[in-house]
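First residue of the sequence shown? That's 3 in the working numbering, and the numbers climb one at a time after it.
Cβ coordinates follow ideal geometry from the N, Cα and C atoms, glycine included.
Reviewing the structure listed below.
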Amino acid sequence: METYILLLLCAAAFLAGFVDAIVGGGGLIQTPMGLILLPNLPVATIIGTLKIPSFSGTFIAAIQYLKKVEMNWKLLLIMMVLAIPSAFLGSTLLTYVSNDFMKPLLLVVLSLLVFYTYAKKNFGQHSDKSYSFQQQILYAILISFFIGFYDGFIGPGTGSFLVLAFITLLGYDFLQASANAKMVNLATNFGSIILFIYKGKIIWLIAIPMAICNAIGGFIGAKLAINKGNKFIRIFFLIVVIATLIRFGYDVFFKK
């Protein structure tokens, strides 16, 4: 592989780590770049290789959030334990079938999400304490299963969907949601990585330098999100979700 290709992949990994640390969605940068620059590799190998930098960046970002943001460990432990096998199942399915049939549905969901987030100015600005612990447990189980499976099967936008779920279903504000989402995202990435290592789908000579760059981006992004707070994260969330919408729109209407 040419050196410049690896440098471009590392640059994409840095930017992906930065974006993902703030509000998720780093896969929108890293995954297309991998598919473009490594056209001769199987898709499952590319996705598997990119899971390593995704994990490293999320790990570093999570450490920064842990220092500043209170975590609900009872819920998180349940969610992380359930997210690992869910992502494993999603990645297993990916090795056998295409995930293109999901994209039209995601296009509709993302369009509604952008409209709702933009229209409701106070969305995610304050935490909501009205949810009972029993309600949170039920929603936590559903979030872990569905988004964990999604991350293993499709991937891009997982962090953003997790942030949305923490706000709408568990009553968190944007900063709390971003922080807690990192922990669950760690688990989903780990579940996928187990499968891809078992299948021999990871190219470590690409994954390791990208992981270092993604971790640096994750560190900077998390610091910025913590310092700027909810309003900044909301704006960034809208940008990333619109970018996700454009990406899936391209896949549905223009990609052959």
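Beta carbon of residue i nearer than 9 Å to that of residue j
i: Phe239; j: Val25; result: yes
i: Ile48; j: Leu96; result: no
i: Leu172; j: Ala179; result: yes
i: Pro55; j: Met212; result: yes
i: Ala18; j: Phe198; result: no
i: Leu77; j: Ile139; result: yes
Buried or exposed by the 16-neighbour rule on C-beta atoms within 10 Å, applied to residue i
i: Met3; result: exposed
i: Leu247; result: buried
i: Gly202; result: exposed
i: Ser134; result: exposed
i: Asn187; result: buried
i: Ser158; result: Residue 158 is actually Pro in this sequence, not Ser. Burial call: buried.
i: Asn42; result: exposed
i: Phe117; result: exposed
i: Lys184; result: buried
i: Tyr174; result: buried
i: Val99; result: exposed
i: Gly27; result: buried
i: Leu207; result: exposed
i: Val83; result: exposed
Sequence-distant residues of the same chain with beta carbon closer than 7 Å to residue i, five excluded per side
i: Ala167; result: Ile145 and Ile149
i: Lys70; result: Ile228
i: Tyr6; result: none
i: Ile235; result: Ile24, Val25, Phe176, Leu177, Ser180 and Ala227
i: Ser113; result: Leu247
i: Ile214; result: none
Supposed contact pair residue j and residue i - C-beta distance, whole angstroms, cut 8 Å
i: Ala63; j: Ala14; result: Going by Cβ atoms, the distance from Ala63 to Ala14 rounds to 17 Å, so no, they are not a contact pair.
i: Lys53; j: Ile218; result: No, Lys53 and Ile218 are not in contact; Cβ-Cβ is about 18 Å, not under 8 Å.
i: Phe221; j: Gln66; result: 6 Å
i: Ala85; j: Gly161; result: Not a contact, Cβ separation roughly 13 Å.
i: Ala209; j: Thr51; result: 5 Å
i: Gly231; j: Phe20; result: In fact, because the Cβ distance is near 17 Å, the residues do not count as touching under 8 Å.
i: Leu109; j: Gly251; result: 6 Å
Same chain only: Cβ atoms within 8 Å of residue i, ignoring 5 sequence neighbours per side
i: Tyr120; result: Leu240
i: Leu10; result: Met35 and Leu39
i: Phe61; result: Leu188, Ala217 and Gly220
i: Asn191; result: Lys53, Ser56, Phe57, Thr60, Ala89 and Asp153
i: Leu37; result: Val45 and Ile48
Cβ-based neighbour list, residue i, same chain, cut-off 6 Å, excluding 5 preceding and 5 following
i: Phe155; result: Gly92, Leu95, Leu96 and Asn101
i: Arg249; result: Leu30
i: Met81; result: Ala142, Ser146 and Val186
i: Pro87; result: none
9 Å Cβ cutoff, residue i in contact with chain B
i: Asn182; result: Here there is only one protein chain, and chain B is not present.
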